[in-house]
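Working notes, beginning with the structure itself.
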Amino acid sequence: MKSDETLGSDAHLLRSIEETGRGFYVAVGLLLLGVLWGVFAYGTQLTHGLGVTGLNQPVSWGFYVTNFVFFIGISHAGTLISAILRMAQAEWRRPITRMAEVITVMVLFIGAGNIILDLGRPDRALNVLLYGRYQSPLLWDATSISAYLTGSVFYLYLPLIPDIAILRDHSSKYRFLYTVLALGWTGSKRQIRILDRAIAIMAVVVIPVAISVHTVVSFVFSMTLQPGWHSTIFGPYFVVGAIFSGIAALIIFMLIFRRAYGLENYLKYIHFKYLGLLLLTMSFLWFYFTFAEYITAFYGNEPEEMKVFWAKFTGDQAIFFWTMVICNFVIPMTLIGIARLRTITGILVASISVCIGMWLERFIIIVPTLSHPRLPVETGSYLPSMVEWGLMVGCFSLFGLFYLLFTKFFPIISIWEIREGREVGFEEVVERVKSYLPNEEKTPISEGARG
Amino acid sequence: MRAYGHFRQGGDRSRGVLIQIEPRRSATAERADKWVSIRPGTETVFALGIAHTLILEHLYDEDFVTRYCVGFNDSVGPDGQTVPGFRTIVLRDFRLPIVSEATGVSVETILSVSRAFAKNQPGVAIGTPELPNGSTRLGLRLAVRYLNALVGNFGRPGGMHLQGEVPLGGWKIPEKDILGQNSLAQPRIDGAKKGFYALADDASETLPQKILTSKPYAVKALLVAGLDPLFDHPRNKDFAEAIERVPFVVSFSSMPDAITRKAHVVLPDAMFLERWTEDVNSHLAGFSSFSVGQPVVRSEDSPLGLEDTLLKVAKKIGGPVAESFKWNAFSDAIFEAAAPLAKAGHGYIAADPIKEQFRTILTRQGYWQEEFKDPKQFWKALLNSGAWWDAGDETQGAGSQFLHPTHKFQFFPNGFDWHLAAMRGQMRQSIERALGLRSIGRNLFPHDYPRPGPKKGEFELILYRPLALISNASAELPWMQEQLGPHVNGRWDSWVEIHPKDAKRLGIRNGDPVELRSESGSLRTQARIFNGVLPGILAIPVGLGRPEGGRWAKGRGADPRVLVRTEKDPIRGMGVSGITTLRIRRIA
Amino acid sequence: MARWGMVIDLDRCTGCAACGTACKAENNIPFVDPEESARDRTINWMDIIPAEEHGEHNGGGPMMPRPCLQCDNPPCIKVCPVYATYLTPEGIVAQNFGRCIGCRFCMAACPYTVKYFNWHDYRRKDGFHLYENPDVSTRPAGVVEKCTFCHHRLQLARERARVEKRPFRAQDYVPACAETCPAEAIEFGDLDDHNSRVSRLKRSPRARSLLQELGTKPKVVYLVREHQNEIG
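Chains as they are written, first to last, in numbering that gives the first Met the number 0: chain A, 0 to 450; chain B, 0 to 587; chain C, 0 to 231.
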């Protein structure tokens, strides 16, 4: 048995697996309650049909589709951000990537699950495979999401292998599980080379897939003729929104686990500052897209578009619309934009606000368009039922529960990558930074010019 | 409605023009070329305003008025005094500014409607009361008839026609037995044909009171068919009390309505699809027709039709009663009634349009061919097509249109003068008032008695019956409940229509629960914002709010008749709902 | 092959809703309970809707019937993930109740809002089911339904012609609404037959497609009311 010496201070990262405190049980208990509520709600829905929701004619989509888009959006937190940071060789990524990747995998299940929740006949869901019509954007979603899910699982698993090997060697629990999952990792040069290469390939592959996912999610709406949906900007708009909400969700999770598992030494202010600034950038980008989306609708002044437009700006949906603008733009701009307010708490509040705002954005895209159909002229209304609230709470609880359980089996911060950062990171960065700078030799350029 | 389709896009004729004069923008007003919104209860004045314009601008048919009308010009009475004629009264009393003031319709509109009416001839003026059981408003009917007379619209194509008699047979008035004779010797319990109800055939309005006071005698048995007096009767509260005093109540209702719950015997009538029906149709087309409907659904538990039940009862009674009702089934009675049609010398079983056209031409030239020798064959054909009609029955010539001995149009009808002449001043006045008439000299003339207008903050109420609730049983039909008022998305519940401006002023939003309060009572329902009622007016559909009934009607919606005063009607004999003023407020 | 279409003359239409009621009887359209109706879940394959825009919540305006518009370029079929709604060779936008997974994408995509969802199992067991039309299947909970141009009547008419050993004629097939309309405002027939009444009416200068600008090419065409005769 290897001693803790090889792990050094990083042994701390295994403590969450080895030890289980009261807080864990309380959290699991609470989350289980939420999940139970969701299960109960879904049971009710299965027995009585979708009638137990607040959906109606013409508002035939509501919370479930909102949650679907929202969760799929959150999923961009992970794989995409982690892949981009990896490719950009941002050294501060090391303690973040694992958390981000876990979010993706967990949330994709729940996001896709919301489509099942929304089906009137979940028992016939397999018809999509049997009789699939590839013209339907829903099938594009199905394809894209399953590709992303597969990619993300691999992308989570690959960097996990060395850590599993560490667990196999150090942990007293689940020895068999770790032995199988570690795939005989020994940490040889060859293995490391292959792993690095695999991770690099996956990072490249996963980025376009991730972007395609939210693009086709937006196509569900923009491929129809409906006012407020039929917009060319929707693809990138959704992707930007997805990354935006993803970063916010990532920050929240990082802060929760930093507190719960005492990771202050790993997740430092600088990480939150960088992610916060990224969030701020996305906030501006989001605002830019939102502005472009609505200004074009407003200038076009097409009557059907304007019905939806005014419903959002001054009508019955105005409260949601303006809350969204405050949550997504005003609050992050204030709390992160002003350096004095850019504390950990400030960033946390901004992140929570962005999550709420982005959920509202999904809601505000779906419901006002449906409640203001071209025909008949009457407007519809939508008030979610307890079943829908229950399933929403259930989904969020399940998400939390999955995440919490993951941390009980695997280290939430990539041990080997941190170690790699310590061992080779410095030299690499120095080399890299050197390569950015003008060469030290004085002659080559002038000589070459003369020659 | 088929006629409406033809009226608008007949193909062989220019498009018909429709002008609707009504306080509320009803389904008809929506379809009209022009909707004239008018203050409730002032239609008579409006019609006379049109008459004024027609006369003033010489737009009326002078030839017709001279040849076929009596009372247009001034005349000299038996006492040597000048009796003012129609022309004089209209020109004197119905100047347009006065009419405009009373009706709330601008002078320009009255002029344009009048001119359009004169221009688009042949055309008819039609006037009906707001509700099926609403007031007779004889004055309004008379005023509308004046308009048709002024444009010479009687007995010509596209004008008014007297509907011909249908030569039915077989139904003799039964011989009276001793019991019958004795019964008829007693005074009528409802007091019709005398006093205020001198002009009425029956006066059910007084019935609850008479039962309660046992005057002139106690009622021992009450047979109720076709309606629920505990709901449909304007004095339904009194009726509920009165019904307790009757020792034997029979209800023929097919629904568990209020009277059925009180009845000692229930003999449920078959629903319309389960039973035989017959009808001598009255319609605007002007020809006579007779239709027969046979049962189309029949299950083992379908009850007997009302008529068949009565035939069975007659059989049990035996004696002269059984002899008078000699048929074994109602269908036999219809068969016997319809048989003479086969040999009437005119009219045919309804056929396809081409055949129909050909026959009409033949009939007009005086030809008729017997279609069926065998009465059984005729009957079979009648059942197959459903109707017999006499399309050539449009009696031609203006003179034949007036039943008055002079065969002329009477501007001052004196048909019921002798009833009124015998009455003392007070009674006469109240009858005139209820009919919308007033005395000018010896003559009666249409008149809208001014009602107290709404005070500040008050509204005027109008009641209307939506198409989906046209019959008493409609509220029992879920599909009708689903489409009570498509114009305001009204389903399964009552509502009150309010103008957007009023709603905004009172802070009422679409669908808000509201309370209405009038002198007579109060009501809770929901608001529907509708610009088809004028500001200051509220409209409520009638037909819901049944306290008893089948599962779909019981307790659904509200009955707005609690808000209105009960008025008496000297011709219909039934207390009717008038227009009232009321207040509305939102319930938090 | 015929291309079935309908012309609704709004100058003849009285807005009486007889077409809608006939449709419900013909197609076994369940009435939803009052409570469900209050939740805006009433099913009206042939709905009676305002013919004109008149501002929010003012109600009124002339009403007009609105069946499924049976587009030649239907936005609904493209989004259906399982071919549960599709265009038949004769141009009818059909709905396969047995395959529909209830995702309601077609409802969201239809610009005319003609699609209805069975939020609950609305099939009745309390006696009403005895009056159902045996030619039309009833719909379980969780599937989308809509006007099918009374497609079963086409099948019946074909079968009848076959039994009677005669060729099938276009006039053998009439949907319940067209058959019922008391004002004879609904004309139905083969649009490809240039001599049919329906195709002649469709070429009328009064003919308009609902939301023509969307390019859905509806086969249900409205004849607008003739401009109001001049009165003041």
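Backbone N, C-alpha and C fix where the C-beta goes; we use that ideal spot for every residue, glycine too.
The DSSP assignment places 85 to 92, 95 to 102 and 106 to 118 as complete runs of the alpha helix (DSSP H) inside the segment 82 to 146 of chain B, in order along the chain (cut-off: 4 residues). The alpha-carbon separation between S517 of chain B and T580 of chain B amounts to approximately 6 Å. The secondary-structure analysis by DSSP pairs V81 of chain C with nothing; it has no beta-bridge partner. In the DSSP annotation of this structure, the continuous segment of the alpha helix (DSSP H) that includes S36 of chain C starts and ends at P33 to A37.
Counting C-beta pairs with one atom in each stretch, the segment 59 to 75 of chain B and the segment 558 to 567 of chain B have fewer than three that are closer than 8 Å, which means they do not touch. In this chain, the beta strand (DSSP E) harbouring R527 of chain B covers S521 to I528. Taking 7 Å as the threshold, the shortest C-beta distance from M45 of chain C to chain A does not fall below it.
Per the C-alpha coordinates, the member of B:S493, B:Y216 and B:T205 positioned closest to I539 of chain B is B:S493.
For the C-beta of E475 of chain B, not a single chain C residue is nearer than 8 Å; the gap to the nearest is close to 12 Å. Uninterrupted beta strand (DSSP E) stretches at least 3 residues long and entirely within the segment 78 to 163 of chain C occur at 84 to 86 and 92 to 94, given in chain order. Inter-segment contact for the segment 135 to 155 of chain A and the segment 209 to 227 of chain A is present: three or more beta-carbon pairs are separated by less than 8 Å.
Relative to S113 of chain B, the option among B:L309, B:V165, B:G70 and B:F45 whose CA is nearest is B:F45. Under the 7 Å criterion on CB atoms, N55 of chain A is classed as interfacial with respect to chain C. Checking the DSSP bridge columns, you'll see M5 of chain C partnered with C:F187 and C:V219. Interface residue (Cβ-Cβ distance to chain C less than 7 Å): R550 of chain B is not classified as such.
Per DSSP, F410 of chain B lies in no beta strand (DSSP E) and is assigned neither H nor E.
What E225 of chain C touches in chain B, judged by beta-carbon distance under 7 Å, is R14, going in chain order. For the 7 Å CB-CB criterion, R527 of chain B and E496 of chain B form a contact. Among the residues of the segment 181 to 211 of chain C, those with a Cβ less than 9 Å away from any Cβ of chain A are L209 and L210, in the order of the chain.
For the segment 10 to 22 of chain C, the set of positions with a beta-carbon nearer than 9 Å to some beta-carbon of chain B reads D10, R11, C12, T13, G14, C15, A16, A17, G19 and T20 in chain order.
Residues of chain A whose Cβ lies closer than 7 Å to the Cβ of L222 of chain C do not exist; the shortest such Cβ separation is about 18 Å. With 16 or more other Cβ atoms from the protein chains shown falling within 10 Å of its own Cβ, E25 of chain C counts as buried.
Assignment of R373 of chain A by DSSP, reduced to helix, strand and coil, places it in the coil class. Under the three-state reduction of DSSP, W415 of chain A is assigned to helix. Within the model, the alpha-carbon separation for T27 of chain B versus N530 of chain B is close to 15 Å.
Using beta-carbon distances, Y173 of chain A does not count as an interface residue toward chain C, since no partner is under 7 Å. Judged by DSSP secondary structure, K33 of chain B falls within the beta strand (DSSP E) whose first and last residues are K33 to V35. Cβ-Cβ separation between L95 of chain B and V106 of chain B: approximately 5 Å, consistent with a contact (criterion under 8 Å). Pairing S15 of chain A with E304 of chain A, the inter-Cα distance amounts to about 53 Å.
In this structure, Y265 of chain A sits near I412 of chain A, with a CB-CB distance shorter than 7 Å. Membership of Y133 of chain A in any beta strand (DSSP E) is not indicated, and neither H nor E is assigned to it by DSSP. Close CB contacts of L262 of chain A within its chain, under the 7 Å cut and outside five residues either way in sequence, are with F256 and I412 (chain order). Comparing alpha carbon positions, the residue from A:M391, A:L137 and A:G20 closest to G37 of chain A is A:M391.
Judged by beta-carbon spacing, G90 of chain C lies beyond the 7 Å limit of K201 of chain C, meaning their Cβ atoms are not closer than that value. The count of Cβ pairs closer than 8 Å, one atom from the segment 317 to 334 of chain A and one from the segment 353 to 368 of chain A, reaches three, so the stretches are in contact. Here the segment 369 to 386 of chain A lies against the segment 110 to 126 of chain C, with 3 or more beta-carbon pairs under 8 Å apart.
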